[in-house]
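Worksheet for the structure shown next.
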Amino acid sequence: MIVQRWTGWACTAGLLVLLQGTASAQIAPSRTIEELKAETQARADRNAYPLTGLKPAEVREALSNIRTLDRDEWAAAWSVIAERYVEKAEAAEAAGQRNEASENYLNAWRVFSFARWPTTNSPGKVKAYERSLQAFRHHARFTDPAPEVVRIPFEGKEIVGYLRLPNGTRPVPLVLSISALDSRKEDNIERSDIYVKRGIGVFALDMPGTGEAPLKIDVGSERMFSRALDYLATRPEIDAKRIGVQGGSWAGHWAAKLAIVERERLKAVVSQGGPIHFYFQPEWQTKALGTREYLFDLFPARASVYGVSTLEEFLAYGPRLSLKNEGLIAKPSAPMFLVNGDHDSQVPIADLDLMLHSGSPKEAWVNPGGGHMGRSVDWPDGRIFREVVAPWLARRLRQSE
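Per our numbering, the sequence shown starts with residue 929, numbered consecutively.
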C-alpha cells in the first residue's frame, strides 16, 4: 500500500437545490439567483469545473439574461451563445476552413453542455443536450485520430460510446473511461489526447442514469460495462489483456466495482472520489446534499440517476448499492489507484479509506487540503489528471505481462 499526500487549500463552491415537500425542510436552502450568478462567474473566471473552457465574457453575457431559477430560462440563455458558435462553424466548414470549423463546434458543445448541466430536467435542457451531441460529433470529425461512434446491442437497447484509437502499432492498450453524475462521455473523449499520444486508446461511456446510457443505476447495472468489455474483446486493434478503467466522482463507484467483479479482465483501475459505502447512507446524504461545493441542482441530479423524485425514495434507494453491503469490499481486485481530497463534501473520504484497507493491496493519492476529486487551488482538476491519474494508468497499461 502506497499513500501519497499533498498539501493544498480546499476550493469553495456553491449549491442550488430545487426541492419540494419534505425534502426542502431537511436540506440547506437554495442559493438565490444572484448568489448563483456570482458563483458561476467566479468559476468561469478561474476556469473551474463545470465551466472549464467557457469564456468569462460570454458567461457574463449569458448570466445577464438570466433573471430567475427557471431551468428553461437557464438553458435558453446559454443556448443563444452556443448557436452563434454553430453558425460560425457551419460557415467555416462551407469555406473549407477545417480548423476554424472544428474550434467553433467545440465551443458550441462546451456551451450547450453547460446549458443542460447538471441533468436534463426540463424541455430546454433536453434540447440543449441534443444540440451538444450534434455539435460534438461535428467537431469530432476534424480531430486526428477521429473517434468512432460505437453502438453495442444491449437488452433491447444499445450502449453508445466513443472509441478513439491512436495511429500506428496494433493492438493497443485501452482505457475504459466512464463519465460521472454531471459530466458526459464527450468530456472524456475531449481530453483523451493525454492517452492517445502515449499510444493508448480510449473507449468513453456514459454511466447508468446519464446521457445515452441504456439503464438507470441499480444493483447489477455494472453489467452494461461488462457487455462493453465483451465488445472490446472482439476488436483486434485492442489488446484485451491491457484494458484499464478510469472513473471519477460517481463513476469512481463503477470503477471500484469493476475492479472486483471484472478483475480477471482488467489490468488497472483508477477510482477518483468514488462512492463506496458511507456515501450511500442517509446520514451522509442529508448532510452532503447541502454542500456548497456543488454548483446547483445536486439533489435533482442525484435522484435522476436512480429514477426517483422524493427525498424519502432517494435515501431508501442508496444503501443497497454499497460495495460493503453487496459483500464485495473484501474481495480481491485488479490493481487499484484511489484518489481524493480529505475535505470532499460530496463523497466522504472515509470511503477511500475503507476501500484502501479492504481486499487486495492498493495505492492512493490524497490531497490533505483538497475537496471533491482531490481538487484545490494548488491541485485543480486538470493538474491531478495530467500529473497523477493519467501517468499512473498509462504506466500500468504499457507494462507487458
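Heads up, the beta-carbon is just placed ideally off N, CA and C, and yes, glycines get one too.
Residue i (DSSP reduced to helix, strand or coil)
i, result
"ASN1116", "helix"
"ALA953", "Any reading at ALA953 must be qualified, since the residue scores a pLDDT of 34, below 50, and its modelled position is unreliable; the value itself is stated next. Helix."
"ASP1121", "helix"
"GLU1254", "coil"
"ASP1043", "The residue asked about is misnamed: residue 1043 is Ala in this sequence, not Asp. Helix."
"SER1050", "coil"
"ASP1146", "coil"
"PHE1064", "helix"
"LYS1259", "coil"
"ASP1309", "helix"
"TYR1207", "helix"
"LEU1249", "helix"
"GLY1180", "helix"
"TRP937", "Note that TRP937 scores a pLDDT of 25, beneath 50, so its modelled location is shaky; the value from the coordinates is reported in the next line. Of the three classes helix, strand and coil, the one that applies to TRP937 here is coil, per DSSP."
"ILE930", "With a pLDDT of 36 at ILE930, under the threshold of 50, the modelled position of this residue cannot be trusted; read the value that follows with caution. The answer is strand: DSSP assigns ILE930 an E or B state."
"LEU1034", "helix"
"ARG1314", "helix"
"LYS983", "coil"
"ARG1026", "helix"
"ALA976", "coil"
"ALA925", "Beyond the ends of the chain as shown, which are 929 and 1329, falls residue 925; an answer cannot be given."
"HIS1300", "helix"
"TYR1057", "helix"
"GLU1221", "coil"
"ARG1069", "coil"
"ARG1126", "coil"
Residue i, buried or exposed, once every other Cβ within 10 Å from all chains shown has been counted against 16
i, result
"GLN1327", "exposed"
"ARG1026", "exposed"
"PRO1094", "buried"
"GLU1118", "buried"
"THR1048", "buried"
"ALA953", "A caution first: ALA953 carries a pLDDT of 34, below 50, which makes its placement in the model too unreliable to give a value."
"ALA972", "buried"
"THR1097", "exposed"
"ARG1248", "exposed"
"THR923", "Residue 923 lies beyond the range of the chain shown here (929 to 1329); nothing can be said about it."
"THR1138", "buried"
"ASP1072", "exposed"
"HIS1285", "exposed"
"LYS1215", "exposed"
"GLY1255", "exposed"
"THR935", "With a pLDDT of only 29 at THR935, under the threshold of 50, the placement of this residue in the model should not be trusted; the figure read from the coordinates follows. It is exposed - the Cβ of THR935 has fewer than 16 other Cβ atoms within 10 Å."
"ASP1158", "exposed"
"ALA1023", "exposed"
"THR968", "buried"
"VAL1014", "buried"
"GLU1114", "buried"
"THR1219", "buried"
Residues sharing a beta bridge with residue i, DSSP
i, result
"PRO1338", "Since the displayed the chain opens at 929 and closes at 1329, residue 1338 lies outside it and no answer follows."
"SER1199", "GLY1175 and LEU1266"
"ALA1132", "TYR1090 and SER1105"
"ILE994", "The partner list for ILE994 (beta bridge, DSSP) is empty, contrary to what the question assumes."
"GLU1076", "LEU1091"
"ILE1166", "VAL1100"
Whole-number beta carbon distance between residue j and residue i, since they are thought to touch under 8 Å
i, j, result
"GLN878", "VAL1317", "Given that the chain is displayed from residue 929 to residue 1329, the structure contains no residue 878 and the question cannot be resolved."
"ARG1324", "GLY1172", "6 Å"
"LEU1194", "ALA1262", "4 Å"
"VAL1130", "LEU1160", "Contact flag wrong, Cβ pair sits at about 11 Å."
"PRO1203", "VAL1124", "Not quite, the Cβ-Cβ distance comes to about 29 Å (not below 8 Å), so this is no contact."
"ILE1128", "PRO1136", "Not a contact, Cβ separation roughly 25 Å."
"ALA1063", "TRP1037", "4 Å"
"PRO984", "PHE1042", "So it is not a contact: roughly 13 Å between Cβ atoms."
"HIS1205", "LYS1252", "4 Å"
"GLU1028", "ALA1020", "4 Å"
"GLY1201", "GLY1297", "Rounded, the Cβ-Cβ distance is 15 Å, inconsistent with contact."
"ALA1003", "LYS1085", "The pair is not a contact, with the Cβ atoms about 26 Å apart (cut-off 8 Å)."
N-terminal and C-terminal residue of the alpha helix (DSSP H) that residue i is part of
i, result
"GLN1001", "Residue identity check: residue 1001 is Glu in the sequence provided, not Gln. 999–1022 is the span of the alpha helix (DSSP H), which, as asked, contains GLU1001."
"ILE1386", "Residue coverage of the chain in this structure runs from 929 to 1329, which leaves residue 1386 outside it and unanswerable."
"GLU1190", "No alpha helix (DSSP H) holds GLU1190; DSSP gives it neither H nor E."
"GLU1241", "1239–1245"
"LEU1321", "1318–1326"
"PHE1153", "1151–1160"
"ARG1230", "1226–1234"
"TRP1212", "1210–1216"
"LYS965", "961–973"
Residue i - containing beta strand (DSSP E), residue span
i, result
"GLU1291", "1291–1295"
CB contact check: residue i to chain D, cutoff 8 Å
i, result
"THR1071", "Absent here is chain D; the protein component of the structure consists of one chain."
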